[in-house]
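Chains A and B, in that order, are what the protein sequence lines are.
Position one of the first sequence corresponds to residue 1 (this note's numbering), numbered consecutively onward.
Position one of the second sequence corresponds to residue 1 (this note's numbering), numbered consecutively onward.
We put the beta carbon where it would ideally sit given N, CA and C, even for glycine.
Single-structure report; data block below.
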Amino acid sequence: MTSFRREFPLPDTEWPPTREFWAAAARGELALPRCDACRRWRWYPDATCRFCGSASSTWTAVSGRARLFSWSVVRRAFIPQLAADVPYVAGLVAIEEDPAVRIVTRIVDCEPAVLRIDLPVRVVFRPLRFAGVRGEVTAPMFVPE
Amino acid sequence: MTADWGFPSDLDDVSGEVAIAGVGEADHTKASGRTTKQIGAQAIERALADAGLTPRDVDGIMHTPFDGQQFGADDYRAHFGTTHEMWTSTAGGGMVWAGSAPHEAALAIRAGKARTIVNVFSVAWATQRADMVGGPGEVHAAELFKQNLEVPFGWFPQPVYFATIARRHMHEYGTTPAQLGAIAVACRRHANRTPAAVLRDKPLTLEQYLASPTICDPFRKEDCCLISDGGGAYVMTSVERARDLRRPVIEVAGVGVGNSRTRTYWAQQGDFTATPQVFAAPGAFRMAGLSPADVDVLACYDPFTIVSLMQIEDMGFCKKGEGGPFVEGTTLHFDGGRIPYNTHGGMLSHAYVLGIAHVVEVVRQLRGEAAAQVKDAEIGVYGGYTGPQASTLILRRR
């Protein structure tokens with residue numbers, strides 16, 4: 001049986017591969033690693049580029065503009081920590097800089113009825129908090145433009 | 001969409017080398033208090049009895065490494081009271097491996113490492129689900145990119161992943177909830193005829209499906225698989241030796257394996273609404289010298305209705321994107337449907353034993369002894385799936 005951090009499902013903001021993602025969010029920026037060799041976005045942040053093999057990359061801020069790629073309105077809390085959150089909209093947005101790069105996120109501040117595929121959305125920064133879990137982490141979420 | 005998001009595994013041609021000579025299922029139940037190993041032992045006992053073999057006749061065992069509780073060679077010897085040497089492999093078990101294990105077994109038998117090999121898989125996830133994450137979600141929650149980039153947003157566990165995929169499929173191809181429902185209804189109808197199915201006594205109509213609430217839209221509960229205690233096993237040997245055994249010879253005609261370059265990160269998969277069956281099925285059909293039009297009965301790993309729909313498309317039973325209209329009505333039904341599908345009920349309605357029971361069912365269909373028997377079935381296919389990989393196993397009655 002795997003043991004999980006006490007803060008689960010909050011992200012581990014110190015885990016090196018995604019530390020800069022959460023540090024940027026805390027500053028109010030959406031940043032992703034970009035390959036220094038081929039300039040492609042390296043998402044998820046693997047140690048090497050899956051296009052050119054380079055190990056070198058730089059965390060780079062993006063515009064925060066994206067389009068809704070797909071989503072689900074989650075009505076059942078599959079884990080108890082999400083009991084206070086349902087219903088919520090979890091989904092993927094394709095960033096303006098490269099639509100092949102999809103960020104997993106929440107869509108907030110809107111009725112699910114307005115959502116449609118390719119809806120223009122923009123980033124906002126909101127705290128993640130979970131039932132029975134101490135602490136919070138600022139995360140990039142998206143709202144309709 | 002260019003097909004550069006994945007690739008086929010390079011497999012040896014093993015067509016016609018090995019046969020499945022015995023099959024067995026453990027009891028499939030809701031939470032039962034049994035252990036994974038107890039369930040595995042029961043499945044093997046039944047597979048040996050079916051094949052007419054003694055425990056000493058089996059000199060190879062295959063299982064999956066992934067939960068650390070699978071029934072292995074030491075368990076086998078302890079349970080059956082033998083001391084004999086056994087070739088072992090962790091390239092077996094359920095999911096994608098329920099379909100690819102016969103390739104690995106064929107190579108071992110060809111190399112003289114074993115003569116008769118059992119592949120086994122069992123789970124006690126219904127009993128274990130009381131844990132915090134528990135069962136099938138845990139492996140994803142423990143993966144660190146998922147844990148730090150997906151789970152915090154509530155994009156977790158599998159029902160949420162595949163609901164998101166289903167919505168995108170609906171957008172790209174016009175697939176409807178009623179079409180997904182047709183898959184759930186066909187599987188339930190088959191389970192209702194299958195005494196070993198967990199949901200044998202629960203009918204499901206399309207009207208009931210559509211009237212039920214969504215749990216993570218567009219999914220309803222009936223789009224999602226069960227959580228079960230159960231398992232299965234099948235015994236493989238050379239086609240030559242299988243002819244001397246008591247059961248009809250069901251040979252392995254073709255095997256294919258496909259891979260996704262983005263591994264288990266569905267969010268990043270190049271073609272979001274496809275499965276690596278795109279890369280697995282062509283090689284298997286080439287090895288077998290057959291095409292999807294030759295197939296009499298199909299069983300696919302079906303954690304969700306959309307995974308059935310995508311595999312049916314990706315294996316070539318209809319064109320990509322036409323799966324929705326294709327599965328409407330009685331296409332998937334055992335009695336006269338165009339491609340009888342998951343004729344035991346699948347993971348939606350039979351048991352969530354991760355595909356091992358699907359292979360058992362296909363073998364029974366080809367022998368003519370299934371509960372929802374397809375008339376004159378000679379060629380059967382199992383589609384295995386894990387996400388990062390898919391497998392196609394083509395079986396033929398000889």
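Inset, instruction - Less than 8 Å between the CB atoms is what I'm expecting for GLY92 (chain B) and GLU104 (chain B), so what's the real figure, rounded? - result: 7 Å
Legend entry - Closer than 8 Å to chain A by CB, PRO399 (chain B): Chain B is shown only over 1 to 398; residue 399 (chain B) falls outside these bounds and no answer can be derived.
Inset, instruction - Please report the residue range of the alpha helix (DSSP H) in which THR305 (chain B) lies. - result: 305 to 314
Inset, instruction - Using a Cβ cut-off of 8 Å (strictly closer), state whether CYS216 (chain B) contacts chain A. - result: yes
Inset, instruction - Starting from TRP41 (chain A), find everything on chain B with Cβ-Cβ shorter than 9 Å and list it in chain order. - result: Here the premise fails: no neighbours, minimum Cβ distance about 10 Å.
Inset, instruction - Counting only the same chain and skipping the five closest in sequence on each side, list residues whose C-beta sits under 6 Å from that of SER291 (chain B). - result: PHE285
Legend entry - N-terminal and C-terminal residue of the beta strand (DSSP E) that VAL23 (chain B) is part of: 18 to 25
Inset, instruction - Could you tell me how far apart the beta carbons of GLY231 (chain B) and VAL353 (chain B) are, in whole angstroms, since I believe they sit closer than 8 Å? - result: 5 Å
Legend entry - Beta-carbon neighbours of ASP85 (chain A), restricted to chain B and to distances below 8 Å: GLY154
Inset, instruction - Ignore the nearest five residues each way along the sequence and tell me which others in VAL73 (chain A)'s own chain have a CB closer than 6 Å to its CB. - result: PRO87, VAL89, PRO112
Legend entry - For ALA31 (chain A), the residue or residues it bridges with in DSSP: A:ALA61
Inset, instruction - Could you check how far apart the C-beta atoms of GLY22 (chain B) and ALA51 (chain B) are, in whole angstroms? I think they sit under 8 Å. - result: 3 Å
Legend entry - Collapsed DSSP secondary structure at THR449 (chain B) in the structure displayed: Residue 449 (chain B) is absent from the model: chain B starts at 1 and stops at 398.
Inset, instruction - Can you tell me which of B:PHE121, B:SER238, B:MET310 puts its alpha carbon nearest to the alpha carbon of ALA357 (chain B)? - result: B:PHE121
Legend entry - Rounded separation between VAL185 (chain B) and ASN192 (chain B) - CA only: 10 Å
Inset, instruction - Please report how far the alpha carbon of VAL278 (chain B) lies from the alpha carbon of GLY384 (chain B), in whole angstroms. - result: 12 Å
Inset, instruction - Give me whichever residues DSSP pairs with ALA124 (chain B) in a beta bridge. - result: B:ASP229
Inset, instruction - Tell me where the alpha helix (DSSP H) around THR392 (chain B) begins and ends. - result: Looking at the DSSP string, THR392 (chain B) is not in any alpha helix (DSSP H); the run it does join, the beta strand (DSSP E), is 389 to 397.
Legend entry - Residues of the stretch 141 to 152 of chain B whose Cβ lies closer than 8 Å to any Cβ of chain A, in chain order: ALA141, ALA142, LEU144, PHE145, GLN147, ASN148, LEU149, GLU150, VAL151, PRO152
Legend entry - Nearest neighbour of ALA84 (chain A), chosen from A:TRP59, A:PHE125, A:GLY132 [CA to CA]: A:GLY132
Inset, instruction - Go ahead and label LYS202 (chain B) buried or exposed: buried means 16 or more other beta carbons lie within 10 angstroms of its beta carbon, across all protein chains shown. - result: exposed
Legend entry - Endpoints, the alpha helix (DSSP H) within which LEU354 (chain B) is located: Looking at the DSSP string, LEU354 (chain B) is not in any alpha helix (DSSP H), and its letter there is neither H nor E.
Inset, instruction - Flag ARG115 (chain B) as yes when its Cβ comes closer than 7 Å to any non-hydrogen atom of the ligand MG, and as no otherwise. - result: As presented, the structure is devoid of all ligands, the ligand MG included, so that no description of it is given.
Legend entry - chain A contact for HIS171 (chain B) (CB, 8 Å cutoff): yes
Inset, instruction - Using a cut-off of 8 Å between C-beta atoms, extract the partners of ILE117 (chain A) located in chain B. - result: ARG167, ARG168, HIS171
Inset, instruction - Hey, could you find the ends of the alpha helix (DSSP H) GLU207 (chain B) is sitting in? - result: 206 to 211
Inset, instruction - Check the Cβ-Cβ distances between GLY316 (chain B) and every residue of chain A, and say whether any is below 8 Å. - result: no
Legend entry - CB contact below 8 Å: VAL133 (chain B) versus chain A: At VAL133 (chain B), the pLDDT of 48 sits below 50, so the modelled position is not reliable; the number obtained from the coordinates is stated separately. It does: the Cβ of VAL133 (chain B) has a partner Cβ on chain A nearer than 8 Å.
Legend entry - PHE219 (chain B) burial status per 10 Å Cβ neighbour count (16 or more: buried): buried
Legend entry - Within the stretch 140 to 221 of chain B, ranges of the beta strand (DSSP E) (whole runs, at least 3 residues): 214 to 217
Legend entry - CB of GLY323 (chain B) within 8 Å of CB of MET310 (chain B), strictly: yes
Legend entry - Contacts that PRO9 (chain A) makes with chain B (C-beta to C-beta distance below 7 Å): VAL151, PRO152
Legend entry - Where GLY346 (chain B) sits in the DSSP three-state scheme: helix
Legend entry - Cβ-Cβ distance between MET253 (chain B) and GLU25 (chain B) below 8 Å: Here residue 253 (chain B) is Ala; the residue named in the question, Met, does not match the sequence. Against a cut-off of 8 Å, the Cβ pair of GLU25 (chain B) and ALA253 (chain B) comes out as no contact.
Inset, instruction - State the start and end residues of the unbroken alpha helix (DSSP H) segment that holds ILE109 (chain B). - result: 97 to 110
Legend entry - Cβ-based burial, GLY258 (chain B) [other Cβ within 10 Å; buried from 16]: buried
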